[in-house]
Structure formats: C-alpha cells, structure tokens
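Enquirer: Chains as they are written, first to last, in our numbering: chain A, 6 to 361; chain B, 383 to 662. Even for Gly, the Cβ is constructed at its ideal location relative to N, Cα and C. All values derive from a computational prediction rather than experimental measurement. Next up is a structure, given as structure tokens.
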C-alpha cells in the first residue's frame, strides 16, 4: 500500500479558459479512504484520472508513495480503477475479465485462477464466473468491476462514481460493502462522487472541490461542523444550510425578533456577514425568527418545513428550511417562531470564508 | 366505433400497403434470379419462351457446366482470392481504422480526409496505372495479381472500421491501458473481438466484390488454371454462344456460394450495418 500526494497538480484542457484542476495540494495517507466530491465540472474525475495516468499533468506532480509518477505510464503506476460504466470487456467472461490484467502481466495460469477465485469469493461472484457481462445485473457488473481491481492487489484503488448506475436501494447496500471491503483490504482508495451522502458515509476524509480548486479536506464530521467557507457549508448537508446575509449593527446581527451578539473578531472583519444555520439547528416555539410555512415535507421520523422569514411589517423575506419532529409537524400555511441554537451558528465574511 | 377498432384499422391498412409495396420491390429484385433459375432448367428451344416453369426440367445443364469448364479449379481460385483479400482487408483496414479513431497524432484527421478522398477517384482512372505497376512488378498472369492490390486495405474499409471503433466507449480502452495493454494488445485483444459485426460487414462485402469482380481478372489473367469463375463464365459465353441454359446453370452455381456466405454471416452482417451507420 502507499500514500497518494497531489503537489500543486494542475490540468488545463486546450482551449479552456480556466484549469480543470488548479494547483491541487492533497495528501491521501496509506490505507486511507478519501472521497473527492463536488458539483459537475469541479475537477474531481480529472483529479482521479491524473492519478491513473489517463490525464496529463500540466504543472505540479503526483506521487504514489515516495515515487513521482507524473510521467510514469499508467500500467506502471500499480493502480486499479473502477469506472462509472464499469468498462467490462464484453467478449470476455467474468473470470476472464477479472484475470485479464494478470494474464497481460504474464502470471502463471494457476495463480491467475487462484487469485480470481479469491476475489470472486470475497464478492459473492463465484456462481457467475463463466457468464458474460451482458448476462449480469447492474449490481453484479459493479461487483465484477470491483473484483477486477481487487485481483490485481494494487497499491491504490481509484473509483469513479462506481455506484451511480445502481438503483437507490442497491446503492446504499453496495456503499456499505465497498467501505467494509476497503477497510478489510486496507488499500489506499481515492473515490469520486457527486453524492454528498455517499461522500460523508464512506470516506475517512472528504475533499470538496469547486471549479478545480480544493475548498476543504477534512473528516466528514469536521466538514459538517466547521465548513471552511460558504460553498462547503451549502454543499454538505441535506437540505442545505440556511444562509442569511445580515448587516452588523452595534456588534450584533438580527433576523426578525432574533438577535445575536457577535465577538469583536467577527464584527471587526466586516459591516455585513453571512450567518449559516442548518435546518436541524432551530428550536421551534418561543421567541425568535418568525416563519411562514409554504410546504411541509414529511419523511416519517422528520419533517422539513419550507417557507420564508416574515418581516416586522408582515413582509416575506428570505427562504428558510427547518427540520421539525415528524410526529407532529406544524401545518403548511401556519406561522412558527424559530430560535437558532446558540452553539451551531456559522459566520462567513463577504469573501465567503469562515469567520472565527 | 371503439377505441381499439380505431387504433387497429389504420394499422391493418398501413401494414397491408407496406407489405404490398415490399413484396413488389422484392419481386423486382428476385424476378431476374427466378428467371435465371428457370432458364437454367429449360432446353435450348424453350429458353426464349416466356414461361417461368420449364415443361421438362433439364438438370443435365448443370452436369454440362462441369464438363465444359474447369469449374472446381476456378471455384478454388475464386475462394482463394476472395479469402486472402478479405483477410487482408479486415486486418489492415481495422488497424488503420483503429489508428484514425483512437490514436492521437498530428495531422490525423487531415490524413483521414485525404485518404477518404481517394474514394472519389473512379476505377477507370486507376486501372491502367495499376496494370502497369503489376507488369513492372512481373505479377501479371499470376495469382498475386489478384491478391496483392486489394490486400492492404481500402478507404471504404478503413472508414467503416473507424466509424465502428469510434462507437466503442473510451473507458474500455482506458481499462485496458490500466490493465497493462500496449496499443497493439488493446487493438488485438479488446477492440477487434468487440468489432465482430463491423469485421463481418467488411469481410462479406469484400468477399462479394472480389467474387463478382470481372474487369481486373480479365486484365490480369490469361491462364485458365488461375482464372476466376466470372472469367470462366465469360469465356464459356464466348465459346458456346448459343448455350444459354448452360450459361444460366453456371451463373447459378457461381451465385450459390455467395448466398451461403451471406446466410452464415447474415445476423452479424445486419447488426454491423446497423451499428456502423451504413444503412438507410
């Protein structure tokens, strides 16, 4: 096993006005599971392909362990990749697909058979070894793609949205299987997804990218509790964090009847700040922000209230989302008072960065 | 009128019209062949009469073909030439198609357009220079004259294979790169087995072309021991002008292997036509 390090790694596609990956500095430790997450076009897949050697590195370098692999051929990097559409060879059986890399490497037939069988057992693929990919279900194909990577016993697994073609139920199930498998094998893994739930549940650490720039890389809990900027704050968490742009008056900000006094460090930074409150960090009832409820989304255990903040003269302001108890949620059309929980407020400056 | 009736009635009418039109077209295409089959079984007196079914089928016409021309020798020659050229075309066109579709090199697309442009040059323009080349090389009146010119691919075949390779997802090739394949191994082990439909289309079309070709063998071949069936048929026509039923029988015998080849390759051929976008 080995670590993976991006050092100022940059990829610029010809004709593009900005780099797809811009001076990326990221270190994935030995045996660690790091998830690259972000919206479409953020550079997460490009970053992964740079490690694989399928994408040129225009500046900076990529290391696997201590070795600089920037100019090393993909086959000599000792990495295995699981593709989004699995990329199974359609004319080969499952066993041939899994053993193909070993065959190309010139390993003895007996060893190829043993290693293929081991991986097939691990993934419950033994009954399907003689089948062609077209005769398998989506979930089975996904496992074959995993098996093809495992058989090689590489230093690094690279996974490019491997669950995106599965249905929701199977995705949750396979998500857990992959995470367990990675922990059992202890192989360093870089995993790409656009699904933040997948990122939060699978990764030891999650790296959030936007427009080719790394926004934050931290453990899921840290990312949720202390987002480094407004983008991460909004991207992580479903529904997204409520963000209110409020003027700082007398060292405090107010929203409706709710008013909070700020530390000097924050008020010195700007005359206007963004206050972030997650939907689950409001207490309903008592004094505080008044909300007009437009829609109630009942999910069973929880209910989400979608509506707008009401102003002093009955005007309707910013949109707001609040989590309520699913047993007895308020009705749509009604008004409720919300009190943000003191320890769960996030403050961001005008440049979007977190204020202390 | 119920909804079902309203939906079904136009469908029946449309279906009837469509199948009548298709049957008409099929009849136009098949009638000359039926006429030839009928002619091959008539006697010489009857062959010019406009009847489709011969009064007394003359199966001896077929026996006579074998007596009048070295049929099996020519059959072997035609199979040899068509087989060699088909294998060569598939091999070289798929290699070139792979390069034009997948490898990145400077001037690739310009080169491809230029190569494709050679399709516009008619055979009549190139036939004399080709003949002279063959003479200079000392290949005229040898089997090589039939094999070598078509062996190394064609613009059409390269275009066909390139179109097919472009439809194969890039991930398949990338997976092979990560599995340690060289460009040759990617071509040979991954893309070519995957390209079976396109390979079948190219092989069948090439086989048909070489099998039916008349002008080139006529220019190249004098000896009847290395002549093709088409050449044999025409020579027979020259020698036995009045023997139409025998000529028809020989034509049928030449046509038969083509039907056989098409029959075997039919499914892959039709799939290949569909995926390479040659149809329509």
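So, helix, strand or coil for residue 654 (chain B), using DSSP?
Expert: Here residue 654 (chain B) is taken as the residue at index 272 of the second chain, counted from 1. Correct three-state label for residue 654 (chain B): helix.
Enquirer: Output the distance between the C-alpha atoms of residue 661 (chain B) and residue 139 (chain A), rounded to the nearest integer angstrom.
Expert: To locate residue 661 (chain B), count along the second chain from 1; it is residue 279. To locate residue 139 (chain A), count along the first chain from 1; it is residue 134. Only weak support is given to the placement of residue 661 (chain B): the predicted model assigns it a pLDDT of 49, under 50, and the question is left unresolved by the model.
Enquirer: Could you have a look at residue 662 (chain B) and say whether DSSP puts it in helix, strand or coil?
Expert: On the second chain, position 280 is the one that residue 662 (chain B) refers to. With a pLDDT of 40 at residue 662 (chain B), under the threshold of 50, the predicted position of this residue should be treated as unreliable, and no value is reported.
Enquirer: Looking at the structure shown, is residue 410 (chain B) part of a helix, part of a strand, or coil, going by DSSP?
Expert: For the purposes of this step, residue 410 (chain B) is taken as residue 28 along the second chain, with counting starting at 1. It is helical.
Enquirer: Let me know if residue 383 (chain B) comes out buried or exposed under the rule of 16 or more other beta-carbons within 10 Å of its beta-carbon.
Expert: As a working note, residue 383 (chain B) is residue 1 in the second chain. Here residue 383 (chain B) scores only 49 on pLDDT, less than 50, and its place in the model should not be relied on; the value that follows carries that caveat. That one is exposed.
Enquirer: For the alpha helix (DSSP H) holding residue 247 (chain A), just list the boundary residues, first then last.
Expert: By one-based count along the first chain, residue 247 (chain A) stands at place 242. Per DSSP, residue 247 (chain A) belongs to no alpha helix (DSSP H); it is in the beta strand (DSSP E), 247-252.
Enquirer: Could you give the residue range of the beta strand (DSSP E) that holds residue 263 (chain A)?
Expert: Position 258 of the first chain, counted from the start, is the residue given in the question as residue 263 (chain A). Taken as a continuous stretch (DSSP letters only), the beta strand (DSSP E) holding residue 263 (chain A) covers 263-266.
Enquirer: Quick one: which residues of the segment 65-92 of chain A get their C-beta closer than 9 angstroms to a C-beta of chain C? List them in chain order.
Expert: Absent from the structure: chain C. Protein chains present are A and B.
Enquirer: Please confirm if the segment 548-563 of chain B is in contact with the segment 629-645 of chain B, defined as three or more CB-CB distances below 8 angstroms between the two stretches.
Expert: Segments in contact, no.
Enquirer: Just reading off the beta strand (DSSP E) that residue 311 (chain A) is part of, what are its end residues?
Expert: Translated into positions along the first chain, residue 311 (chain A) becomes position 306. 307-315 is the extent of the beta strand (DSSP E) around residue 311 (chain A).
Enquirer: Give the residues of chain B in contact with residue 105 (chain A), contact being defined as C-beta atoms less than 7 angstroms apart.
Expert: Walking along the first chain from the start, residue 105 (chain A) turns up at place 100. Here the neighbours are 561.
Enquirer: I believe residue 351 (chain A) touches residue 252 (chain A) by the beta-carbon criterion, under 8 angstroms. Please report the beta-carbon distance rounded to the nearest angstrom.
Expert: For the purposes of this step, residue 351 (chain A) is identified with residue 346 of the first chain, where counting begins at 1. For the purposes of this step, residue 252 (chain A) is identified with residue 247 of the first chain, where counting begins at 1. Not really, about 17 angstroms apart at Cβ, beyond 8 angstroms.
Enquirer: Could you compute how far the alpha carbon of residue 646 (chain B) sits from the alpha carbon of residue 634 (chain B)?
Expert: Taking the second chain and counting its residues from 1, one reaches residue 646 (chain B) at position 264. Taking the second chain and counting its residues from 1, one reaches residue 634 (chain B) at position 252. Answer to the nearest angstrom: the Cα atoms are 19 angstroms apart.
Enquirer: Would you say the beta carbon of residue 523 (chain B) comes nearer than 6 angstroms to a heavy atom of the ligand FMN?
Expert: In the structure on display, the ligand FMN does not appear, and there are no ligands present to speak of.
Enquirer: Leaving out five residues before and five after residue 576 (chain B) in sequence, what residues of the same chain have Cβ atoms less than 8 angstroms from its Cβ?
Expert: In the second chain, counting from the first residue as 1, residue 576 (chain B) sits at position 194. Contacts found: 550, 554.
Enquirer: Can you pull the DSSP bridge partners for residue 85 (chain A)?
Expert: Start at 1 with the first residue of the first chain, and residue 85 (chain A) comes out as number 80. Bridge partners of residue 85 (chain A): A:162.
Enquirer: Where does residue 589 (chain B) sit, in a helix, a strand or coil, going by DSSP?
Expert: By 1-based counting over the second chain, the position of residue 589 (chain B) is 207. If DSSP states are grouped into helix, strand and coil, residue 589 (chain B) belongs with the helices.
Enquirer: Leaving aside the five residues before and after residue 398 (chain B) along the sequence, list all residues of the same chain whose C-beta is less than 7 angstroms from its C-beta, in chain order.
Expert: Taking the first residue of the second chain as 1, we reach residue 398 (chain B) at position 16. For residue 398 (chain B), where only same-chain residues beyond five positions count, there are no Cβ hits under 7 angstroms.
Enquirer: DSSP state of residue 524 (chain B), grouped into three classes?
Expert: As a position in the second chain, residue 524 (chain B) is number 142, starting the count at 1. Coil, per DSSP.
Enquirer: Would you check if there are 3 or more beta carbon pairs closer than 8 angstroms linking the segment 584-596 of chain B to the segment 406-414 of chain B?
Expert: No, the segment 584-596 of chain B does not touch the segment 406-414 of chain B.
Enquirer: At 3 residues or longer, what runs of the beta strand (DSSP E) sit wholly inside the segment 78-132 of chain A?
Expert: Listed in chain order, the complete beta strand (DSSP E) runs (minimum 3 residues) inside the segment 78-132 of chain A are 84-87.
Enquirer: Considering only C-alpha positions, which residue in the set A:144, A:196, A:238 is nearest to residue 282 (chain A)?
Expert: Residue 282 (chain A) sits at position 277 when you count from the first residue of the first chain. Of the listed residues, the one whose Cα sits closest to residue 282 (chain A) is A:238.
Enquirer: Residue 90 (chain A) and residue 153 (chain A): beta carbons closer than 7 angstroms?
Expert: Here residue 90 (chain A) is taken as the residue at index 85 of the first chain, counted from 1. Here residue 153 (chain A) is taken as the residue at index 148 of the first chain, counted from 1. Not in contact: residue 90 (chain A) and residue 153 (chain A) (Cβ atoms no closer than 7 angstroms).
Enquirer: Assign residue 412 (chain B) to buried or exposed, taking buried as 16 or more other Cβ atoms, counted over all protein chains shown, within 10 Å of its Cβ.
Expert: Working through the second chain from its first residue, we reach residue 412 (chain B) at position 30. Exposed.
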